[in-house]
Amino acid sequence: MSNELQGFLALLAICAPLMAYSLYLKLRIDKLNRLIAAEEENERLIAAQKEKQKDRLAAATAARDRRPTRGPMRRT
Numbered sequence: 005m006s007n008e009l010q011g012f013l014a015l016l017a018i019c020a021p022l023m024a025y026s027l028y029l030k031l032r033i034d035k036l037n038r039l040i041a042a043e044e045e046n047e048r049l050i051a052a053q054k055e056k057q058k059d060r061l062a063a064a065t066a067a068r069d070r071r072p073t074r075g076p077m078r079r080t
């Protein structure tokens, strides 16, 4: 084999595992980014649910406060 071919094969032997590991790390980072995005979306949905529940409670409290508590009661 020529020296150029041996040099190329030696370089390939060094670079191939590094490139494979780089791809592995990229895929891991992408997976972690997807998990982070999903967690942020869940937190946003939970906050919206809590806000909605708070609004419902406020509406129920307001409706309760509007009902008459004293005065003549009608019999039907």
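So my numbering is basically just the index in the sequence shown, starting at one, shifted up by 4.
We put the beta carbon where it would ideally sit given N, CA and C, even for glycine.
In its own chain, leaving out the 5 sequence neighbours on each side, no residue places its CB closer than 7 Å to the CB of residue 17. When the Cα atoms are used, residue 54 and residue 66 turn out to be separated by approximately 18 Å. Here residue 71 carries a coil assignment [DSSP, helix/strand/coil].
DSSP, read as helix, strand or coil, puts residue 6 in coil.
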